[in-house]
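Enquirer: From first to last, the protein sequence lines stand for chains A and B. Going by this note's numbering, the first residue of the first sequence is number 1, and it counts up by one from there. Going by this note's numbering, the first residue of the second sequence is number 1001, and it counts up by one from there. Ideal Cβ positions, reconstructed from N, Cα and C, are used throughout, including at glycine. Quick one: structure below, then a few questions.
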Amino acid sequence: MNPIEELRAAKPAHLGDRPVDERTRAAELARAMSEPRRPAERRRRAVRPVWGLGLTGAAAAAVTAAAVVMSGTGTVPEPYEAQHVVTGRPATEAPAVRLSARDVLLAAAEKAGRQAEGSGDYWHTVTVGRSLYVAEQGGYQVMAQDRNEGWTPSATGGEQVSISRSLGARPATEADRTSWEQAGSPSEVRVKVPGKGGEGKYGLIPLSMSPGKVRADRSPLVDGDKVFWLGRNVTMKELRDLPGEPGKLKKWLMASYEGHGTESTSEKMSGDAWLFQVSVGLIMDMPVTPEVRGAAFRMLADLDDVKVAQHVTDAEGRRGTAVSVEERYERGGVSENRLIFDEVTGKALAHEYVVVEPGDMQEGFEPGTVWSSTVLLGAGWTDDRP
Amino acid sequence: MADDAHRFTGMYDECRQRVWAYVVSRAGRQVADEVVSETFAIAWRRLEDVPEPALPWLLGVARNVLRDNLRAEIHREALAAELRAWTDGDVADEVTERMGVLRALATLSEDDREILILVAWHGLSPTEAARVVGCSAAAYRVRLHRARKRLREAMEAGGEPSTSPRRTGNAPVLPSMSHVRNLSEEWS
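Spelled out as structure tokens, the structure:
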């Protein structure tokens, strides 16, 4: 008999494929996902702000393979319809006005294209990520918050640096605060995260209600020169040399499109939806030239089924205008993926996911609830070393 | 950012016990949970780097965690205890043959044991296993061939060391691993 076959047959039973016990699973997942994600990895998320969100990424897990619903025709988008407005809670106070999405985006493109541009040794960004969770006990909602600051060198061969800190979770609303207090104001709240086995199954992770330690993470640039993911890993030079004409920019970006989503190869995604995702990342906080940021807005203006809502407020209370697409998730539910920007300057303020139809991990959330957001507090060049 | 955590939990559920089994077979149960926990913490931080299928990458990371974090004497004791666990216990007739293989396995060097186990117990192809230990697929096949030969010799010798003493208690700790330093980094 082949010794390998004998060996295979002799495998000790305890090394077999038995399920991990639930407590170990919860603890290990919690430990892993409590750490910030490392910046500048091989495939940076286009929609993710530059720096990892740490725990907030776990909320994002509520969403699974996303198929964005978009039509395939080349028509000009319909004027925005007020009844489709999805409001962040308590994000939008004013009703959206009827306005051509295209006009708003073209105006933003003008403004973005005229932004002043600095220079420096590092591209520096500051973001705060927030994600909404449901407490296992009590069923109230808590918002996890992480602050992330990042430096990306303009020269090759350097390090990307991120400094991140959990700001502590907080009850989402006053009613949630009351429920939390009734539960004895626990300093740590166990919240539901997506679990194994599809809809209705969840795991648990503990969220601290007080701020956490500051974590610094330094890592050499991937391949010594890759700084961002833009459909593929790109160098600072490639990013700076992107075409400033919308058609050429689209062609450049679409060269990396392979028919699936930005998060997983198993998830199909239309070209337009993919382009929206990648463009949001580009507009939000990458060090592209003003011309390219303007071109990206023009590119969005030409996409079908892109909606615009004015008088939207981000998680920091800043007024802006949202450009969005809807995403329908395999595990259930529909969310709006939106970029909030300042019409006056053409600068990005925030990237959010908003419940349109509750489902899966957003099952208990009211339509209009912002269940995940990243606000951009600052982005620019600096010579100061991190 | 829509489904990082979903992908991660899916990967965890698919691979966790297999990573655990690998670590146990390398270093024993006492340290396994800690090493597995650290391995998945790294996998989360570097999720964008994790290829599909994830298992060989995860085993490579676990291997580095073992190498970097485990003190030699702890490792030796834990592994010795694990190997005893494989071969102690029931010696009823139907299992003696099994015991013979395991005893023979326990006499081999750590290198040989790993080479054999990755294929026989962890279900990896030689190409995947080569990635875990950081050598070429061709080199792995050669090493597998030699390890298999030594296993057969050890089995024929009744579980006694077939060549020079390779008792686990004396085995050098994680020998010959320097050539796979930064394996996980190389994959990024």
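What is the DSSP secondary structure of R114(A), reduced to helix, strand or coil?
Expert: Coil, per DSSP.
Enquirer: Ignore the nearest five residues each way along the sequence and tell me which others in T1039(B)'s own chain have a CB closer than 7 Å to its CB.
Expert: Hits under 7 Å: V1019, L1058, V1061, A1062 and V1065.
Enquirer: Are the C-beta of W1044(B) and some C-beta of chain A separated by less than 7 Å?
Expert: Chain A, which has a Cβ nearer than 7 Å to the Cβ of W1044(B), makes this yes.
Enquirer: With burial defined as no fewer than 16 other Cβ atoms inside 10 Å of the residue's Cβ, what is the status of N2(A): buried or exposed?
Expert: Under this definition N2(A) is an exposed residue.
Enquirer: Starting from the C-beta of V189(A), find all residues in its chain whose C-beta is less than 6 Å away, skip the five residues before and the five after it, and write them out in chain order.
Expert: Within the same chain, V189(A) has close Cβ partners A135, V142 and L207.
Enquirer: Can you list, in chain order, the stretches of the alpha helix (DSSP H) that have 4 or more residues and sit fully within the segment 255-333 of chain A?
Expert: Listed in chain order, the complete alpha helix (DSSP H) runs (minimum 4 residues) inside the segment 255-333 of chain A are 271-285 and 290-301.
Enquirer: Taking Cβ to Cβ, would you say L1079(B) is nearer than 7 Å to A1154(B)?
Expert: No. Outside cutoff.
Enquirer: Do you know how far the Cα of A172(A) is from the Cα of Q137(A)?
Expert: Roughly 15 Å separates the two Cα atoms.
Enquirer: Are at least three pairs of beta-carbons, each pair with one atom in the segment 1003-1023 of chain B and one in the segment 15-34 of chain A, less than 8 Å apart?
Expert: Judged by Cβ distances under 8 Å, the segment 1003-1023 of chain B makes contact with the segment 15-34 of chain A, as three or more pairs qualify.
Enquirer: State yes or no: is the C-beta of V288(A) within less than 7 Å of the C-beta of L239(A)?
Expert: Yes, the Cβ-Cβ distance between V288(A) and L239(A) is below 7 Å.
Enquirer: I'd like to know whether the C-beta of A46(A) is nearer than 7 Å to at least one C-beta of chain B.
Expert: For A46(A), the predicted model reports a pLDDT of 30, less than 50, meaning its position is unreliable; a value from the coordinates is still stated below. No, because no Cβ of chain B sits closer than 7 Å to the Cβ of A46(A).
Enquirer: Measuring CA to CA, which of T24(A), M361(A), S154(A) and L29(A) is closest to S131(A)?
Expert: For S131(A), the nearest C-alpha among the options comes from M361(A).
Enquirer: Would you mind telling me which residues of chain A sit closer than 8 Å to M1155(B), beta carbon to beta carbon, in chain order?
Expert: Simply P3 and E6.
Enquirer: If you draw a straight line from the C-alpha of V278(A) to the C-alpha of G158(A), how long is it?
Expert: When rounded, the distance between both Cα atoms is 25 Å.
Enquirer: Assign S324(A) to one of two classes, buried (16 or more other C-beta atoms within 10 Å of its C-beta) or exposed (fewer than that).
Expert: S324(A) should be labelled buried.
Enquirer: Starting from W180(A), follow the alpha helix (DSSP H) in both directions and report where the run begins and ends.
Expert: Start and end: E174 to Q182.
Enquirer: By the three-class DSSP mapping on this structure, what secondary structure does A379(A) have?
Expert: Three-state DSSP puts A379(A) in a strand.
Enquirer: How is D121(A) classed by DSSP in three states: helix, strand or coil?
Expert: D121(A) falls in the coil class under three-state DSSP.
Enquirer: What residue range does the alpha helix (DSSP H) around V142(A) cover?
Expert: Segment Q141 to P153 is the beta strand (DSSP E) holding V142(A); no alpha helix (DSSP H) there.
Enquirer: Along the segment 1107-1125 of chain B, what residues have a CB closer than 7 Å to any CB found in chain A?
Expert: Taking 7 Å as the Cβ-Cβ cut-off against chain A, the residues of the segment 1107-1125 of chain B that qualify are L1116, V1119, A1120 and W1121.
Enquirer: Provide the residue span of the beta strand (DSSP E) that contains T369(A), from first to last.
Expert: Unbroken run through T369(A): none, as it is neither H nor E.
Enquirer: Once DSSP output is grouped into helix, strand and coil, what is the label at H14(A)?
Expert: It is helical.
Enquirer: Tell me, please, whether the CB atom of V356(A) is closer than 7 Å to any CB atom in chain B?
Expert: No, V356(A) does not count as interfacial toward chain B.
Enquirer: Give the residues of chain B in contact with T24(A), contact being defined as C-beta atoms less than 8 Å apart.
Expert: Within 8 Å Cβ-Cβ: D1033.
Enquirer: Can you give the beta carbon distance from T369(A) to V355(A), rounded, assuming they're within the 8 Å contact cut?
Expert: Yes, they are in contact, since the Cβ atoms of T369(A) and V355(A) sit about 5 Å apart, within 8 Å.
Enquirer: Can you give me the C-alpha to C-alpha distance between S270(A) and T1009(B), rounded to a whole angstrom?
Expert: Straight-line Cα distance between these residues: approximately 25 Å.
Enquirer: Can you give me the C-alpha to C-alpha distance between G399(A) and D314(A), rounded to a whole angstrom?
Expert: Outside the displayed range of chain A (1 to 386) lies residue 399(A), so it cannot be described from this structure.
Enquirer: Grouping DSSP H, G and I as helix and E and B as strand, with all else coil, what is A169(A)?
Expert: Coil.
Enquirer: How would you write the range of the alpha helix (DSSP H) that L1124(B) sits in, first residue to last?
Expert: Per DSSP, L1124(B) belongs to no alpha helix (DSSP H) and is neither H nor E.
Enquirer: Residues of chain A with CB under 8 Å from Y1140(B), in chain order?
Expert: The contacting residues do not exist; Y1140(B) stays about 13 Å from chain A at best.
Enquirer: My guess is that R293(A) and Q145(A) are in contact by the Cβ rule of under 8 Å, so how many angstroms apart are they, rounded?
Expert: Actually they are not in contact, since the Cβ atoms of R293(A) and Q145(A) sit about 27 Å apart, beyond 8 Å.
Enquirer: Going by DSSP, what residues sit across from G203(A) in a beta bridge?
Expert: Paired residue(s): V193(A).
Enquirer: Between A1054(B) and the rest of its own chain, which residues show a CB-CB distance below 8 Å, the 5 nearest in sequence each way excluded?
Expert: The residues are M1011, E1014, C1015 and A1043.
Enquirer: With 16 as the cutoff for other CB atoms within 10 Å, does G317(A) come out buried or exposed?
Expert: So G317(A) ends up on the exposed side.
Enquirer: How many Å lie between A109(A) and L300(A) at the Cα?
Expert: Each residue's alpha carbon lies about 10 Å from the other.
Enquirer: Any beta carbon from chain A within less than 7 Å of W1057(B)'s own beta carbon?
Expert: No, W1057(B) lies away from the interface with chain A (no Cβ there is under 7 Å from its Cβ).
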